[in-house]
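Report on the following structure.
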Amino acid sequence: MSSPGLPESPAEVARLLGTTGYLADDSLATVAWLALRMQRPLLLEGEPGTGKTSLAEALAAALGQPLVRLQCYEGIDATQALYDWDFPRQILHLRALEAVGAHDGTASVEEAEKSLYDERFLLARPVLAALQSSPAVLLVDEVDRADDEFEAFLLEVLSTYQVTIPELGTVTAATPPLVVLTSNRTRELHDALKRRCLYHWIDHPGLEREVEIVRCRAPEVSAALARQVVTLVQQLRLDEGLLKPPGVAETLDWARALTWLGTTELDLASAATTLGALVKYREDSDKVMAALDRVLAR
Ligand SMILES: Nc1ncnc2c1ncn2[C@@H]1O[C@H](COP(=O)(O)OP(=O)(O)OP(=O)(O)O)[C@@H](O)[C@H]1O
Ligand SMILES: [Mg+2]
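Sequential numbering from 14 applies to the sequence shown in my numbering.
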């Protein structure tokens, strides 16, 4: 059951992701491989900064396929996701027709109308673009921000991988795109959408993997500093009850900021001046400073 171009095993997916700098554990590599094999959308949930969005980017790079990104937000609707007509260009076209028609008397209302809905006036938004350019990776980012109707629309597209444009006909993907949906779980998604997808919760990485991620993404950071930073961040996530525990993104930012300042070993002063890379709430800063005081002042 091999199909050309698709990785042969979860281990191969992990290896390919690794070449793009994304380090996936076995369970994530397996679910991504299954999504590819079974042609099912992949729904990723997890704390902020755990690598949900970047998995889609890494998969596209690893597979050598284009990434089409749909950022969801409150109030997004099908026109922003699917297609729209280029109204200004249609008007210009109409003017041009009028000018020519008035001149040689060939204008017919019906024909003019028809010519307005030509493919060249179609603006393909991400979902249509992904169907047209498949094989592709379609990232539907932060789907929990969109509303119920939009979710229902997505469900329909993800069930058929086709879209009907009344004036033009039906567009079907030659190969269904690999769809990656991410959610920060600000609200629960509907069961119907979940049922369509393979689901994976991405946890914060363990110590060794996070050190590896820092070494890989920020090679300028010394091995010793990377380990010190990650050890501290892992402790902060577990113990301090922060409003917003730092994700991998913040670990990377903090390690980079320290390195910019020439720090090779973490101390209280350098930690204090770079704290803005790690925590973004005043209450958290206070807690982190107190924790650093305990750990580093020894
Ligand atoms: N497993 C990993 N391997 C390599 N880099 C990673 C990994 N996990 C996270 N990162 C890095 O951490 C940063 C944050 O990742 P990303 O933006 O994908 O998180 P997210 O889960 O989408 O966060 P949010 O919920 O805030 O959108 C990125 O720079 C990404 O490259
Ligand atoms: Mg994201």
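Using N, Cα and C, we set each Cβ at its ideal position, and we do this for glycine too.
How many angstroms separate the CA atom of residue i from the CA atom of residue j?
| i | j | result |
| --- | --- | --- |
| Gly-18 | Glu-225 | 28 Å |
| Ala-42 | Thr-66 | 15 Å |
| Val-150 | Leu-305 | 42 Å |
| Leu-76 | Ser-22 | 13 Å |
| His-217 | Val-227 | 13 Å |
| Ala-112 | Asn-197 | 54 Å |
| Leu-288 | Thr-199 | 26 Å |
| Glu-296 | Thr-195 | 28 Å |
| Pro-20 | Lys-207 | 25 Å |
| Val-122 | Ser-172 | 38 Å |
| Trp-46 | Glu-169 | 23 Å |
| Glu-253 | Arg-28 | 35 Å |
| Ala-24 | Gln-78 | 19 Å |
| Glu-132 | Ile-104 | 15 Å |
| Gln-52 | Arg-209 | 10 Å |
| Leu-255 | Val-246 | 11 Å |
| Ser-40 | Leu-72 | 15 Å |
| Ser-16 | Ala-268 | Here the model assigns Ser-16 a pLDDT of 49, short of 50, so the residue's position is not dependable, and the following value carries that caveat. Distance between the alpha carbons of Ser-16 and Ala-268 is about 42 Å. |
| His-106 | Leu-136 | 15 Å |
| Ile-178 | Tyr-294 | 47 Å |
Please check the pair residue i and residue j, which I expect to be a contact at CB under 8 Å, by giving their CB distance rounded to whole angstroms.
| i | j | result |
| --- | --- | --- |
| His-213 | Leu-55 | 7 Å |
| Val-334 | Thr-264 | With the chain covering 14 to 311 only, the question about residue 334 has no answer from this structure. |
| Leu-309 | Asp-280 | 6 Å |
| Val-193 | Leu-68 | 7 Å |
| Phe-134 | Arg-108 | Not really, about 14 Å apart at Cβ, beyond 8 Å. |
| Leu-110 | Ala-125 | 5 Å |
Inspect the beta-carbon positions of residue i and residue j and report whether they are closer than 8 Å.
| i | j | result |
| --- | --- | --- |
| Asp-154 | Cys-85 | yes |
| Ala-94 | Leu-83 | yes |
| Tyr-130 | Leu-181 | yes |
| Ile-89 | Phe-163 | yes |
| Arg-222 | Leu-36 | yes |
| Phe-166 | Ala-91 | yes |
| Val-44 | Leu-211 | yes |
| Arg-230 | Gly-31 | no |
| Val-176 | Leu-220 | no |
| Ala-285 | Ala-270 | no |
| Glu-70 | Arg-158 | no |
| Ser-283 | Thr-272 | no |
| Glu-201 | Gln-241 | no |
- Could you say if the segment 300-309 and the segment 243-260 meet the contact criterion of at least three C-beta pairs nearer than 8 Å? yes
- Item | Cβ contact check for the segment 92-103 and the segment 55-68: 3 or more pairs under 8 Å | no
- Query: Can at least three beta-carbon pairs, one atom from the segment 61-79 and one from the segment 229-236, be found at a separation below 8 Å?
  - Reply: no
- Query: Which runs of the beta strand (DSSP E) fall wholly inside the segment 122-163 and span at least 3 residues, in chain order?
  - Reply: 135-137 and 150-154
- Task: Mind listing, in chain order, the continuous beta strand (DSSP E) runs of no fewer than 3 residues lying wholly within the segment 211-277?
- Result: 211-215
- Item | Meets three-Cβ-pair contact criterion under 8 Å: the segment 183-194 and the segment 137-151 | Touching, yes, given that three or more Cβ pairs across the two stretches are closer than 8 Å.
- Task: Return the chain-ordered ranges of every beta strand (DSSP E) run that is complete within the segment 56-118 and spans a minimum of 3 residues.
- Result: 80-84 and 96-98
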